[in-house]
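Numbering (UniProt numbering), first residue to last: 1 to 198.
Positions of the beta carbon are idealized from the N, C-alpha and C atoms, including for glycine.
Source: prediction; values computed, not measured.
These notes concern the structure reproduced below.
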């Protein structure tokens with residue numbers, strides 16, 4: 001049985017199922033989705049940003065923080081290759097090395113600080129797209145990466161809000177970014193980003 005990532009039967013799922021093995025031992029997708037919403041919302045409410053550790057390790061920490069109640073592998077790099085339809089994410093063998101390359105952009109560009117809004121948006125959207133193609137975790141990549149980007153934006157003097165962006169627009173923009181067209185992501189990040197009033 002193939003799951004939504006096209007992995008087939010993989011060690012993350014219950015036998016003969018596409019449902020992820022979870023610490024609550026929930027056996028239906030509806031229950032697991034509801035539990036993810038409940039537990040990640042709670043963990044988000046207890047999240048304290050660390051502005052001094054904007055690294056791939058910190059992204060892993062964020063993933064662990066959000067999903068620790070649900071998955072034993074929270075915060076760990078996936079061990080299987082995954083794809084969504086025609087979108088194939090980074091091969092497992094190259095995730096760590098590719099992550100180094102993605103995240104070295106941050107210190108090299110002073111973590112996007114002191115950038116005018118249009119320049120900040122373009123840099124952040126490009127960074128997001130590169131890391132999204134990694135998809136380093138078995139599940140929960142988008143939520144973890146968006147939270148990382150929120151922390152990155154805050155320390156650069158900007159605030160991100162995703163509430164008025166539809167799931168469909170977000171998905172289409174991510175697919176376009178994967179295919180090399182960043183304009184839809186630029187537009188959505190423009191909608192989501194505003195300077196912090198001091």
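Checklist entry - Is residue 14 helix, strand or coil by DSSP? => result Judged by DSSP in its simplified three-state form, residue 14 adopts coil rather than helix or strand.
Checklist entry - residue 200 by DSSP, collapsed to three states: which one? => result Residue 200 cannot be examined here, being either before or after the span of the chain that is shown, 1 to 198.
Checklist entry - From residue 58 to residue 17, what distance separates their C-alpha atoms? => result Cα to Cα, the separation comes out at about 32 Å.
Next on the checklist: Taking the alpha-carbon of residue 127 as reference, which of 136, 147 and 106 has the nearest alpha-carbon?
Outcome noted: Nearest option by C-alpha distance: 106.
Next on the checklist: Determine whether the beta carbon atoms of residue 268 and residue 94 lie at a separation below 8 Å.
Outcome noted: For the chain, the structure presents residues 1 to 198; residue 268 sits outside this window and is missing.
Checklist entry - Quick one: what does DSSP say residue 135 is sitting in, helix, strand or coil? => result Collapsing the DSSP output to three states places residue 135 in coil.
Item to check | Nearest residue (CA-CA) to residue 35, options 181, 45, 69 and 63 | outcome: Nearest Cα to residue 35 within the set 181, 45, 69 and 63: 69.
Checklist entry - Under three-state DSSP, which class holds residue 110? => result Residue 110: helix per DSSP, three-state reduction.
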